[in-house]
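Enquirer:
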Amino acid sequence: MNASAIESDVVRNAARGSWLSVLDDLAPEIDKAIEKPGQRHIACPVHGGKDGFRLFRDANLSGGGCCNTCGPKPDGFSLLMWLRGWTFPEALSAIAGVLGLSSDSHQPQRIVHRKAHFDQCKSSINDDKIRALLRTVWQESKSIHHPDAEPVRLYLQSRGLDGWLPNWPSLRFHPKMQYRNEDNQVIGYFPAMLALVEKDNRAITIHRSFLTGDGRKAPVESPKKLMPVPADRLIVGSGIRLGNPGRVLSVTEGIETALSVIEATGMVTWPLISSTLMSHFIIPQGVEKLIIWSDLDRTHAGTFAAQKLAERAKTQGIQVEIREPSGSLPIDAKSIDWLDVLNQSGPNAFVFRSLS
Ligand SMILES: [Zn+2]
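Take 2 as the starting number for the sequence shown in the numbering used here and just add one per residue.
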């Protein structure tokens, strides 16, 4: 065994039985799930949604948890790598730090390997099935310019967008998308707007907005849902490619927010789905300037995500601008985004004069 293998076993053994406090330190955003492992369901800390994530009942021993969409994370290492976008060595050193282990404490101990907990996760239908499902859904989809795609156009108009869209290959319409609840029961079939989630030109999964025939959000618990992610693909780093970026790329969290930026500015703008995914976004080659149209929300999640992405872009030599809706949050609002700005102030509010 080499030194790093020994070290990883030392850390693994030390973490066993202390994972909840390790996670509390390194992943405070899942504190509600840490309070009640195995019982409390919370929004997925990576992709968002409503309540698809929970820790395993034995999380203090295993450190593992599961998102019904992103899939099972059998132990604390894989959970933190997924959540933080860390490599294994990065996760190892962070966990060792929390446990107060210096890197030269190579005391070999008896290693107890635990069985993985894949069987506890509802989304763990096998990967071949997930891949086949993603392929089938995409093959069944139609252009958003197709006459049948009227629900998408009506929906976008109802949100205050003009409803006209370029025919991007990544944005499609599905006439009859199956909706399942968190217990995996089929609730019904709805028209849906589909968006392909990609990383490095590789499809990761599909984002779905469930609609009604007359262009409202479908009357379901989570009208916006990602399809499951096969275990050999990691959603962290990905985005929805609405058009090819040149030297400048704009990014947002939500799809409708991206469409508002496109409508107001004509810039190539990619939605990145959630604040966590925004902070881990892999900026494509050739982009020299990144404009982050961030959400303004009460928890500051959008602001933090924008800052994190901006810092990383700068270390890569990319010029960055963060554009946050100006003013303060109305008392009754959880957040405002650039679609709200478009609806309240019109496209002129998107004009920024750069000082040169
Ligand atoms: Zn997830």
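Quick reminder that beta carbons are idealized off the backbone N, C-alpha and C, glycines included. Quick caveat: nothing in here was measured; it's all calculated off a predicted structure.
Near ALA117, what residues of its chain come up, given a Cβ to Cβ distance below 6 Å and the 5 sequence neighbours on each side ignored?
Expert: For the purposes of this step, residue 117 is identified with residue 116 of the sequence shown, where counting begins at 1. Caution is warranted here: a pLDDT of 47 is assigned to ALA117, below 50, making its placement in the model unreliable, and no coordinate value can be reported.
Enquirer: Which value, in whole angstroms, describes the spacing of the CA atoms of LEU21 and SER63?
Expert: If you number the sequence shown from 1, residue 21 lands on position 20. If you number the sequence shown from 1, residue 63 lands on position 62. Rounded to whole angstroms, LEU21 to SER63 spans 9 Å at the Cα level.
Enquirer: Run through the DSSP bridge pairs and tell me what GLU199 is partnered with.
Expert: Position 198 of the sequence shown, counting from 1, holds the residue named residue 199. Answer is ALA204 and GLY240.
Enquirer: Determine the direct distance from the alpha carbon of LEU278 to that of ARG299, and round the result to whole angstroms.
Expert: Along the sequence shown, read from residue 1 onward, the residue named residue 299 stands at position 298. Along the sequence shown, read from residue 1 onward, the residue named residue 278 stands at position 277. Rounded to the nearest angstrom, the two C-alpha atoms are 19 Å apart.
Enquirer: By a C-beta neighbour count over all protein chains shown, 10 Å radius and 16 as the cutoff for buried, is ALA219 buried or exposed?
Expert: Position 218 of the sequence shown, counting from 1, holds the residue named residue 219. Classification of ALA219: buried, given that the 10 Å Cβ count is 16 or more.
Enquirer: Please go through the same chain and pick out, in chain order, the residues whose beta-carbon is closer than 6 Å to the beta-carbon of PHE78, but skip the five residues on each side of it.
Expert: One-based indexing of the sequence shown puts residue 78 at position 77. Answer for PHE78: ALA92, listed in chain order.
Enquirer: Opposite SER251 in the DSSP bridges: which residues?
Expert: The residue labelled residue 251 in the question sits at position 250 within the sequence shown. Partner(s): THR270 and ILE292.
Enquirer: Can you tell me whether DSSP reads LEU297 as helix, strand or coil?
Expert: Taking the first residue of the sequence shown as 1, we reach residue 297 at position 296. Under the three-state reduction of DSSP output, LEU297 falls in the strand class.
Enquirer: Helix, strand or coil for PHE282 per DSSP?
Expert: Against the sequence shown, residue 282 aligns to sequence position 281. Under the three-state reduction of DSSP output, PHE282 falls in the coil class, being neither helix nor strand.
Enquirer: Which residue's Cα is closest to the Cα of GLY347: GLU264, LEU310 and PRO285?
Expert: Here residue 347 is taken as the residue at index 346 of the sequence shown, counted from 1. Closest by alpha carbon: GLU264.
Enquirer: Per DSSP, which one or two residues make a beta bridge with GLN320?
Expert: Within the sequence shown, residue 320 is the residue found at index 319, counting from 1. For GLN320, which the question treats as bridged, DSSP gives the partners LYS290.
Enquirer: Going along the chain, which residues of its own chain have a beta-carbon closer than 8 Å to the beta-carbon of LEU359, five neighbours each way excluded?
Expert: The structure shown does not extend to residue 359, since the chain is modelled only from 2 through 357, so no value can be given for it.
Enquirer: Measuring CB atoms only, is the stretch 276-291 touching the stretch 231-250, in the sense that at least three cross pairs come out at less than 8 Å?
Expert: yes
Enquirer: Which stretch, first to last residue, makes up the beta strand (DSSP E) that contains GLN158?
Expert: On the sequence shown, residue 158 is found 157 positions in, with the first residue counted as 1. Premise fails: GLN158 lies in the alpha helix (DSSP H), 151-159, not in any beta strand (DSSP E).
Enquirer: Relative to the C-alpha of PHE57, which candidate in GLU36, GLY49 and LYS51 has its C-alpha closest?
Expert: One-based indexing of the sequence shown puts residue 57 at position 56. When only C-alpha atoms are compared, the closest one is GLU36.
Enquirer: What does a CB cutoff of less than 6 Å around ARG13 pick up in its chain, not counting 5 residues either side in sequence?
Expert: Within the sequence shown, the letter at position 12 stands for residue 13. Excluding positions up to five away in sequence, the list is empty.
Enquirer: In the DSSP assignment, the beta strand (DSSP E) including ILE1 goes from what residue to what residue?
Expert: Residue 1 lies beyond the range of the chain shown here (2 to 357); nothing can be said about it.
Enquirer: So is the beta-carbon of THR70 under 6 Å away from any non-hydrogen atom of ligand 1?
Expert: In the sequence shown, residue 70 corresponds to position 69, counting from 1. Yes, ligand 1 has a heavy atom inside 6 Å of this Cβ.
Enquirer: Going along the chain, which residues of its own chain have a beta-carbon closer than 6 Å to the beta-carbon of MET194, five neighbours each way excluded?
Expert: Here residue 194 refers to the residue found at position 193 when the sequence shown is read from its first residue. Exclusion of the five residues before and after MET194 leaves VAL153 and SER210 as the residues of its chain whose Cβ lies within less than 6 Å of its Cβ.
Enquirer: Are three or more beta carbon pairs between the stretch 228-244 and the stretch 194-203 nearer than 8 Å?
Expert: yes
Enquirer: Quick one, which of GLY72, SER280, ASN344 and LEU100 has its alpha-carbon nearest SER159's?
Expert: The residue given as residue 159 occupies position 158 in the sequence shown. For SER159, the nearest C-alpha among the options comes from ASN344.
Enquirer: DSSP three-state label for ILE145, please.
Expert: Numbered from 1 along the sequence shown, position 144 holds the residue referred to as residue 145. Reduced to three states, the DSSP call for ILE145 is coil.
Enquirer: Using a Cβ-Cβ cut-off of 7 Å, state whether LEU134 counts as contacting chain D.
Expert: Protein chain content of the structure displayed is limited to a single chain, and chain D is not contained in it.
Enquirer: Once the 5 residues before and after GLN179 are set aside, which same chain residues still bring their CB inside 7 Å of it?
Expert: The residue you call residue 179 lines up with position 178 of the sequence shown. Same-chain partners within the cutoff: VAL187 and TYR190.
Enquirer: Is CYS67 near ligand 1, in the sense that its beta carbon is under 6 Å from a heavy atom of that ligand?
Expert: Here residue 67 refers to the residue found at position 66 of the sequence shown. Not so, every heavy atom of ligand 1 lies at least 6 Å from the Cβ.
Enquirer: Give the range of the alpha helix (DSSP H) segment to which PHE1 is assigned.
Expert: No statement about residue 1 is possible, as the shown extent of the chain runs from 2 to 357 and does not include it.
Enquirer: Can you tell which of TRP294, PHE282, ALA16 and HIS146 has its C-alpha closest to the C-alpha of ALA314?
Expert: On the sequence shown, position 313 is the one that residue 314 refers to. Answer by Cα proximity: PHE282.
Enquirer: For VAL230, which residues in the same chain have their Cβ closer than 8 Å to its Cβ, ignoring the five residues on either side in sequence?
Expert: Here residue 230 is taken as the residue at index 229 of the sequence shown, counted from 1. Contacts found: THR70, CYS71, GLY72, ILE131, ILE205, THR206 and ILE236.
Enquirer: Among the candidates ALA15, ALA133, LYS177 and GLY318, whose CA atom is the shortest distance from the CA of SER94?
Expert: Working through the sequence shown from its first residue, we reach residue 94 at position 93. Between SER94 and the set ALA15, ALA133, LYS177 and GLY318, the nearest pair of CA atoms involves ALA15.
Enquirer: Between which two residues does the alpha helix (DSSP H) harbouring GLY66 extend?
Expert: Residue 66 sits at position 65 when you count from the first residue of the sequence shown. From DSSP, GLY66 is part of no alpha helix (DSSP H) but of the beta strand (DSSP E) over 66-68.
Enquirer: Where are the beta strand (DSSP E) runs, 3 residues long or more, that stay fully inside the stretch 167-197, in chain order?
Expert: 172-181
Enquirer: So, under 8 Å CB-CB, ASP52 and GLU183 are touching, yes? Tell me the CB distance rounded to an integer number of Å.
Expert: Here residue 52 refers to the residue found at position 51 of the sequence shown. Here residue 183 refers to the residue found at position 182 of the sequence shown. Yes, they are in contact, since the Cβ atoms of ASP52 and GLU183 sit about 6 Å apart, within 8 Å.
Enquirer: Taking the beta strand (DSSP E) that LEU21 falls in, what are its first and last residues?
Expert: What you label residue 21 is simply residue 20 of the sequence shown in a count that begins at 1. Run containing LEU21: none in the beta strand (DSSP E); it sits in the alpha helix (DSSP H), 20-27.
Enquirer: Taking the alpha-carbon of CYS67 as reference, which of LYS177, ARG41, VAL23 and LEU273 has the nearest alpha-carbon?
Expert: As a working mapping, residue 67 is identified with position 66 in the sequence shown. For CYS67, the nearest C-alpha among the options comes from ARG41.
Enquirer: In the DSSP assignment, the beta strand (DSSP E) including GLY49 goes from what residue to what residue?
Expert: Mapped onto the sequence shown, residue 49 falls at position 48. Segment 49-56, the beta strand (DSSP E) holding GLY49.
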